[in-house]
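Undergrad: To get our numbering, take the position in the sequence shown, counting from 1, and add 13.
I have a structure here, written as structure tokens, and I will follow up with some questions on it.
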Amino acid sequence: MARTRVLARQESVPVLGKILPGWFLFCQGGWPCSCQGAGVPACAGHPHRPRMVGRVPGPPPGESACWGESMQPWPKVLPCGDQAALVRLGEGVDPEVNRRVHRLAAALGKRRHPAVREVVPGYDSLLVEYDPLRLRWSDLLRLVEEAAGAGDDGEPIGRVVEIPVLYGGEAGPDLDWVAEQTGLSAEEVIRRHAAGRYRVYCLGFSPGFPYLGGLDPALRVPRLPDPRPWVPAGSVGIAGDQTGIYPAETPGGWRIIGRTPLRLFDPGREEPFRLAPGDEVRFVPVDPATYARLAAAEPEPVCPRIRGSGVGLRILSPGLMTTVQDLGRRGYQAYGVPVAGAVDDWALRVGNWILGNRSRAAGLEITLTGLEVEFTGPVAFCLTGAPVPAELIPAGGGSPRPVPGWTAVLAGPGDRLRVGPAIRGCRTYLCVAGGIDVPLVLGSRSEDLFGGLGPLGRPLQAGDWLPVGLPILPPADLAGRRLPPDGIPDYPPELRLRVVMGPQADRFTPEAVERLLTGEFRVGPRSSRQALELEGTPLEHREGADIVSEGNPLGAIQVPASGRPFLLLRNRQTLGGYAKIGVVIRQDAVAAGQLPPGGRIRFQEVDLAEAHALAWAERRRLAQVRRYLLQQPLVSFAGMLPVDPLQLSAAVAPGAATAASPTGAAGPGSPGGSPAGPRHLRIRIAGVEFDVWVEEEE
């Protein structure tokens, strides 16, 4: 009888082998179209690729109906890579459309589906991030349809919030320019701006940044041609038909006409965000004396305290940029807070497993050049990610010991770890048993450098001391625990990234789409944790680069007016206003984060079915690594048998007979009876027997 080892999931990979009535496809030009399948003639001028995307009412028999040409059903659901969907509920900046967006977000939140990771409202759309291995695409569509039709009055009654503003002068350096451009006096600009009633459509760009609609048409002016590198916190700006407030000191391209003394975002407060979607904002002009008095009355932000003694790490030299990172903060993207976390979360996760930590334990992300740290107690550690030369220097003198990668090493008090520059790749992770035990900020220990959010709010500096948490296993017992060579990822200087086209592929010329899929791009010098800047032949837009701001998924390829694409990474802004030609699948976006400046990229198109099958295979690979580290004795990682995801998908089809029984400790592949390990079952489905490891996903 066939026996295959797999990781059990609640849902299998969807098999999109046929077109069902009422389902639409993606035309090559980027338009979703329902004009093929079920006996309906093909749409003239639209060569189709069979890519199932979403569900809309089907056209009458014998007729063709393409979106953009006839009917406009809402909601529209479009894939954004392999693990996100964009739900459009209208077009443009419209209060009623925005109310529908927030009602749908609230309805999905009430359902608390375990596979829906997060929802990110925009002006007229909602980005839904989900786990495709626990929620099939068809079930996601059904979930959205049920939530949209539930009639939930989900949007809370908005508050009226008055924001005091000091206009002009140093606080509003662009006020006179705006007056000149609009033909109004500076006093009239102030009067008109303060007379408005502004709806908070959404929060994004940076933590707590409100996108406010309702600006007087007479005040509409273009953005700056080149954004300022830093805009002071509290600055009030206008751009196009929007106005907004910068909660923190960040780059910005809006015209600054004033400043508020109020702090819009403070993670130390019980309610971190002063504004919420649906609120109404009224600006109240104040004089300099009132501004100073209000500013003095604002409580200072509470900074997390880090104890200065015990077992930990002392930073002797931080290298180019080293930050504390875990798997990121979830649940706050709707308020403009990026997920952040380790760019190469695969390397951090596996490093934590080597040391017996939970997946989410925090470590150090070392970028390009190395660092030097001193241990202030016995600590088991390992280096993962980009390979680096490293040595452990004993406290009492003696010859330094080389430190291999992906291997647990025991350090004593006073020992120093010296890490050199990356040989390949660009991000190395220093993981320690017990994790870096700095305080949580909004549920995470990750540093978000763009928003200045985190335990320190900055990269590490010489002299910093970081505490280490209590390890689950004794550090001495971990020494020598390692990942075998055939399980260690390679970090080549050139990658082929698989991409799901859309959601705005139709806004680009056919030549631009072809150039994306056949050309080569290089990673530019301005790349960061937010995004990779890609250098190559520009990609031309057919309908302009700007779109109404919407959620940004991991791996999105944004193309501004310059035509130079940017590949968004973990620290991306939550909302973006540039067209996205495609979205790289998650595992490839993680790999791309290891490319240094000068690294080369090519793109390969995959459809949604292929993307989900690849996600399934990647999750199984990760489960095999976890299982390897739990097994005693160790076995060859390469010897584990693969499984065809489509075979499993067929086996768990409705009606298949299923039987399950727990295995004994002596069964094949037993994890050694560790209580922290996964449950081990043997399941027989439709005559095929599987060894199954079931563990809660983190």
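For each residue, glycine too, the CB sits at the ideal point set by N, CA and C.
So what does DSSP say about Val191, is it helix, strand or coil?
TA: For the purposes of this step, residue 191 is identified with residue 178 of the sequence shown, where counting begins at 1. Helix at Val191.
Undergrad: Let me confirm a value: Leu216 is counted as buried when at least 16 other C-beta atoms fall within 10 Å, else exposed. Which label applies?
TA: Within the sequence shown, residue 216 is the residue found at index 203, counting from 1. Classification of Leu216: buried, given that the 10 Å Cβ count is 16 or more.
Undergrad: In angstroms with no decimal places, state the Cα-to-Cα distance between Gly247 and Thr397.
TA: Here residue 247 refers to the residue found at position 234 when the sequence shown is read from its first residue. Here residue 397 refers to the residue found at position 384 when the sequence shown is read from its first residue. Roughly 40 Å between the two C-alpha positions.
Undergrad: State the Cα-Cα distance for the pair Trp419 and Arg362, rounded to the nearest angstrom.
TA: Looking up residue 419 in the sequence shown gives position 406. Looking up residue 362 in the sequence shown gives position 349. Rounded to the nearest angstrom, the two C-alpha atoms are 11 Å apart.
Undergrad: Could you tell me whether the Cβ atoms of Arg509 and Gln617 are closer together than 8 Å?
TA: Taking the sequence shown and counting its residues from 1, the one referred to as residue 509 is at position 496. Taking the sequence shown and counting its residues from 1, the one referred to as residue 617 is at position 604. Yes.
Undergrad: Would DSSP call Leu430 helix, strand or coil?
TA: Within the sequence shown, numbered from 1, the residue matching residue 430 stands at position 417. Reduced to three states, the DSSP call for Leu430 is strand.
Undergrad: For Val445, which beta-bridge partners are listed by DSSP?
TA: Within the sequence shown, residue 445 is the residue found at index 432, counting from 1. Bridge partners of Val445: Phe394.
Undergrad: Rounded to whole angstroms, what's the CA-CA distance from Ala308 to Lys89? Just pull it up for me.
TA: Residue numbering aside, residue 308 sits at position 295 when the sequence shown is read from its first letter. Residue numbering aside, residue 89 sits at position 76 when the sequence shown is read from its first letter. Spanning the two alpha carbons is a distance of roughly 45 Å.
Undergrad: Should Arg101 be labelled buried (16 or more other beta-carbon atoms within 10 Å of its own) or exposed?
TA: As a working mapping, residue 101 is identified with position 88 in the sequence shown. So Arg101 counts as buried.
Undergrad: Check Leu91 in the structure and name its three-state DSSP category.
TA: Start at 1 with the first residue of the sequence shown, and residue 91 comes out as number 78. Strand.
Undergrad: Going by CA-CA distance only, name the one from Asn370, Val596, Ala574 and Leu333 that's closest to Asp239.
TA: Taking the sequence shown and counting its residues from 1, the one referred to as residue 239 is at position 226. Considering only alpha carbons, the answer is Ala574.
Undergrad: Quick check: Leu225 and Val213, are their CB atoms within less than 8 Å of each other?
TA: As a first step, residue 225 is located in the sequence shown; it is residue number 212 there, counting from the start. As a first step, residue 213 is located in the sequence shown; it is residue number 200 there, counting from the start. Closer than 8 Å, so yes.
Undergrad: Taking Val454 as the reference, give the member of Ala446, Met334 and Leu466 with the closest Cα.
TA: Mapped onto the sequence shown, residue 454 falls at position 441. Closest option to Val454, Cα to Cα, is Leu466.
Undergrad: What's the call for Ser540, buried or exposed, on a 16-neighbour Cβ count within 10 Å?
TA: Residue mapping note: residue 540 aligns to position 527 of the sequence shown, counting from 1. Buried, since its Cβ has 16 or more Cβ neighbours within 10 Å.
Undergrad: Would you mind sorting Pro5 into buried or exposed? The rule is 16 or more other CB atoms within 10 Å of its CB.
TA: No information on residue 5 is available, as it lies outside the stretch 14 to 711 that the chain covers here.
Undergrad: To which residues of the same chain is Gly181 closer than 8 Å at the C-beta, ignoring the five residues directly before and after it?
TA: Start at 1 with the first residue of the sequence shown, and residue 181 comes out as number 168. Within the same chain, Gly181 has close Cβ partners Leu188, Asp189, Ala199, Ile203, Ile270 and Gly271.
Undergrad: Taking 7 Å as the cut-off, is the C-beta of Leu547 nearer than that to any heavy atom in the ligand MN?
TA: Here there are no bound small molecules, and the ligand MN is not part of this structure.
Undergrad: Considering only C-alpha positions, which residue in the set Ile436, Leu479, Asp229 and Arg205 is nearest to Gly323?
TA: Stepping through the sequence shown from its first residue, residue 323 is reached at position 310. For Gly323, the nearest C-alpha among the options comes from Leu479.
Undergrad: Along the chain, where does the beta strand (DSSP E) containing Gly713 start, and where does it finish?
TA: This structure does not reach residue 713, given that the chain is present from 14 up to 711, and the question cannot be answered.
Undergrad: Any idea what DSSP makes of Pro314, helix, strand or coil?
TA: Position 301 of the sequence shown, counting from 1, holds the residue named residue 314. Looking at Pro314 - three-state DSSP - the assignment turns out to be coil, as it is neither helix nor strand.
Undergrad: Look at the alpha carbon of Ala628 and the alpha carbon of Leu146, and state the distance between them as a whole number of angstroms.
TA: Position 615 of the sequence shown holds residue 628. Position 133 of the sequence shown holds residue 146. So the two alpha carbons sit approximately 8 Å from each other.
Undergrad: Pairing CB atoms from the stretch 439–449 with CB atoms from the stretch 564–579, are three or more of them under 8 Å?
TA: These segments do not touch.
Undergrad: Does the distance from the C-beta atom of Val299 to that of Pro177 stay below 8 Å?
TA: Taking the sequence shown and counting its residues from 1, the one referred to as residue 299 is at position 286. Taking the sequence shown and counting its residues from 1, the one referred to as residue 177 is at position 164. Yes; because the gap between Cβ atoms is below 8 Å, this pair is in contact.
Undergrad: Within the same chain, show all residues whose beta-carbon is closer than 8 Å to that of Arg320, passing over the 5 residues directly before and after it, in chain order.
TA: By 1-based counting over the sequence shown, the position of residue 320 is 307. Excluding positions up to five away in sequence, the list reads Pro480.
Undergrad: Please classify Ser412 as buried or exposed, where buried requires at least 16 neighbouring CB atoms within 10 angstroms.
TA: Against the sequence shown, residue 412 aligns to sequence position 399. Exposed is the call here.
Undergrad: Please report the distance separating the alpha-carbon of Leu582 from that of Glu201.
TA: Within the sequence shown, the letter at position 569 stands for residue 582. Within the sequence shown, the letter at position 188 stands for residue 201. For Leu582 and Glu201, the distance between alpha carbons rounds to 43 Å.
Undergrad: When you compare the stretch 429–442 with the stretch 352–372, are there three or more beta-carbon pairs, one atom per stretch, that lie closer than 8 Å?
TA: Enough Cβ pairs lie closer than 8 Å, so yes.
Undergrad: To the nearest angstrom, report how far apart Ala207 and Leu228 are at their CA atoms.
TA: Within the sequence shown, residue 207 is the residue found at index 194, counting from 1. Within the sequence shown, residue 228 is the residue found at index 215, counting from 1. If you take the alpha carbons of Ala207 and Leu228, they lie about 10 Å apart.
Undergrad: For the stretch 466–477 against the stretch 422–440, do three or more pairs of beta-carbon atoms, one drawn from each stretch, fall closer than 8 Å, so that the two count as touching?
TA: With a cut-off of 8 Å, the stretch 422–440 and the stretch 466–477 do not count as touching, because too few Cβ pairs lie within range.
Undergrad: Roughly how many angstroms separate the alpha carbons of Gly171 and Gly354, rounded to a whole number?
TA: Your numbering for residue 171 matches position 158 in the sequence shown. Your numbering for residue 354 matches position 341 in the sequence shown. Cα to Cα, Gly171 sits roughly 32 Å from Gly354.
Undergrad: Figure out for me which residue from Pro134, Gly253 and Val129 has the closest Cα to the Cα of Gly103.
TA: Along the sequence shown, read from residue 1 onward, the residue named residue 103 stands at position 90. Comparing Cα positions, the closest option is Pro134.
Undergrad: How should Cys316 be labelled, buried or exposed, when 16 other C-beta atoms within 10 angstroms of its C-beta is the threshold for buried?
TA: Indexing the sequence shown from 1 puts residue 316 at position 303. Looking at its Cβ environment, which holds fewer than 16 other Cβ atoms inside 10 Å, Cys316 is exposed.
Undergrad: Determine the direct distance from the alpha carbon of Glu385 to that of Leu329, and round the result to whole angstroms.
TA: The count along the sequence shown starts at 1 and reaches residue 329 at position 316. The count along the sequence shown starts at 1 and reaches residue 385 at position 372. When rounded, the distance between both Cα atoms is 5 Å.
Undergrad: State the Cα-Cα distance for the pair Glu193 and Phe218, rounded to the nearest angstrom.
TA: Taking the sequence shown and counting its residues from 1, one reaches residue 193 at position 180. Taking the sequence shown and counting its residues from 1, one reaches residue 218 at position 205. In a straight line, the C-alpha of Glu193 is about 28 Å away from that of Phe218.
Undergrad: For the alpha helix (DSSP H) containing Ala207, list its first residue and its last residue.
TA: Numbered from its first residue, the sequence shown carries residue 207 at position 194. Ala207 -> alpha helix (DSSP H) spans Ala199 to Ala208.
Undergrad: How would you label Pro646, buried or exposed, when you count the other beta carbons within 10 angstroms and need 16 or more for buried?
TA: Translated into the one-based positions of the sequence shown, residue 646 becomes position 633. Because the pLDDT of Pro646 is 39, which lies under 50, any placement of that residue in the model is unreliable, and the number read from its coordinates should be weighed accordingly. Exposed.
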